[in-house]
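Positions in the sequence shown are counted from 1; adding 1 to them yields this note's numbering. Don't be surprised by glycine CBs; every beta carbon is placed ideally from N, CA and C. For reference, the structure discussed in these notes is given below.
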Amino acid sequence: MQERQFKDQVDAHEKAGDTDAAIETCTRWIEYNPDSVHAYAMRGNLKVKKNDEDGAIADYTEVIRLDPRSYNAHYVRGCHYLKKRQLDAAIADFDAAIKRDPKDRGAYYSRSVAHLYNTQFTRTLEDTTIAIRLDNKDYCAFLYRGLARGELGDLDGAEEDFRQMLALHPESETTASINLGWIEGLRGNYDKALELLNKAEQLEPEYEAIYWTRGKVYALKEDRALAVSDYKRALALRHGIETKWSLRFLHEMEAYIEQWGSSAE
């Protein structure tokens, strides 16, 4: 069987929705030609559909072994490492992708996310600024630059970025309301902050960040009972793999509840 025939079979299985058969065909393709970059890349993509992140990473590692100059292989593997919160490995792959294509905004944006999770806010700011320069319609880059600016104390800059995110992507109203509420809380405008956060709750009541952020505003107001209530709600909704950034919030909430939880009841 020629390589083209293997690819056609994989495409046919994918079109029929049979991911397992497509993966099996890729495996036979690799057995036929162990140096086939396309076979490993296609199998890696298929494994993502099966939520097999480790398998996808292994296949893209083979793509990189066979084609070390591949921008796409480094970028895609980096994204999978980022999803698994293996941040140093993700950053190394994004570094390699940028070296191969310094004008593609994707790797800058993705690296900025990894830096944020590592609490490297200045690096997040640098990478998102480059991503925005390369694509000024990238609303996600405005979100992460706003987060970095807020963490670095540039509240006006953060607000500007969150509003630009919302202008570019009106569907992000919940995220914008949460982060604008965070900024207003840091400014001491508690009523405005709570108005924004209550609006976010109405839009998406199961969004954990609402309760962490609103709890923080209540804590700043010294309204301890409501702060404890929101922090407990945030902890109940918590999910996913923790990062250095998210652990900071987690520890702050737990410490606050331990200190004030009894008196707030």
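Considering only the alpha carbon of each residue, which of the options lies closest to residue i?
i, options, result
"A201", "R234, Y191, G182", "G182"
"Y61", "D102, D94, L126", "D94"
"D231", "N199, S247, W246", "N199"
"Y191", "D36, P171, A220", "A220"
"K138", "D162, L67, F7, G158", "D162"
"A98", "K217, R5, Y72", "Y72"
"T28", "G79, G18, F7, A256", "F7"
"L238", "R215, K217, E207", "E207"
"E172", "W246, Y140, P35, A149", "Y140"
"V218", "L148, H240, K233, G189", "G189"
"K233", "S247, E255, L248", "E255"
"S263", "M43, Q203, D9, R225", "R225"
"R70", "W261, E4, K100", "K100"
Return helix, strand or coil for residue i, following the three-state DSSP convention.
i, result
"L169", "helix"
"E63", "helix"
"E207", "coil"
"S230", "helix"
"R86", "coil"
"R239", "coil"
"S37", "coil"
"D19", "coil"
"E160", "helix"
"L153", "coil"
"R70", "coil"
"T26", "helix"
"E32", "helix"
"T130", "helix"
"T267", "The structure shown does not extend to residue 267, since the chain is modelled only from 2 through 266, so no value can be given for it."
"E54", "helix"
Compare the beta carbon distance of residue i and residue j with 7 Å and say whether it is the shorter of the two.
i, j, result
"A74", "Y82", "no"
"Y118", "L153", "no"
"V38", "V77", "no"
"V229", "I258", "yes"
"E205", "T175", "yes"
"V49", "T26", "no"
"I179", "A210", "yes"
"T130", "H116", "no"
"L187", "L227", "no"
"K245", "T120", "yes"
"L67", "D36", "yes"
"I31", "A17", "no"
Excluding five sequence neighbours on each side, which residues of the same chain lie with their C-beta closer than 6 Å to the C-beta of residue i?
i, result
"Y110", "A132, A142"
"G45", "A57, D60, Y61"
"W213", "A235, F250"
"R215", "L198, D231"
"L144", "M166"
"K222", "Y191"
Are the C-beta of residue i and some C-beta of chain C separated by less than 7 Å?
i, result
"T130", "Looking for chain C here will not work: only one protein chain is present."
Apart from the five residues just before and just after residue i, which ones in its own chain have a Cβ nearer than 8 Å to its Cβ?
i, result
"L135", "K104, D105, R106, Y109"
"E15", "A23, L47"
"G151", "A159, N180, W183, I184, L187"
"W267", "Absent from the model: residue 267. The displayed extent of the chain is 2 to 266, so no value can be given."
For residue i, which residues from the same chain have a beta carbon less than 7 Å from its beta carbon, with the 5 sequence-adjacent residues on both sides left out?
i, result
"K51", "T20"
"R112", "I92, F95, D128"
"E54", "H81, K84, K85"
"V114", "L83, Y145"
"A149", "L117, F122, T125, L126, T129"
Check your understanding: How do the region 190-197 and the region 161-168 stand: do at least 3 beta-carbon pairs fall below 8 Å, yes or no?
Key -> no
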